[in-house]
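Residue numbers (UniProt numbering): 1 to 118.
Structure below.
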């Protein structure tokens, strides 16, 4: 789904920002439920994420060929796997991804911390 989000912006690289906007958009997921309990304004966060995504480079002339994963997203996915092992789960879930976004120190994680997510 993050890949689809990148494609919808004509971007050839999937980033942590794409992942987070997808995570907060899944109403039946743990992430928006936790954010609502923390009184995080999901709509404002989504607007901020959209603005940041729009700043990312676009593929000139449309996307032809492969979609790539940003180095920061690779680090988040690696950290999510570590979070999964720490909690002794069998699969990476949205909770692991959120914890990883916060742990890795990327733009999205810093914005979440600024908004009170810890």
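All C-beta atoms in this analysis are idealised placements derived from N, C-alpha and C, irrespective of residue type, glycine included. If you're wondering where the values come from, they're calculated on a predicted model, not measured in any experiment.
- Beta bridge pairing from DSSP links residue 68 with 13.
- The beta-carbon separation of residue 72 and residue 106, rounded to 5 Å, stays under the 8 Å limit for a contact.
- Counting the other CB atoms within 10 Å of its CB gives residue 66 a total below 16, which places it among the exposed residues.
- Taking the CA atoms as reference points, residue 99 sits about 30 Å from residue 59.
- The DSSP-derived three-state label of residue 108 is helix.
- Proximity to residue 10 across 104, 56, 78 and 83 peaks at 56, based on C-alpha coordinates.
- For the 8 Å CB-CB criterion, residue 18 and residue 53 form a contact.
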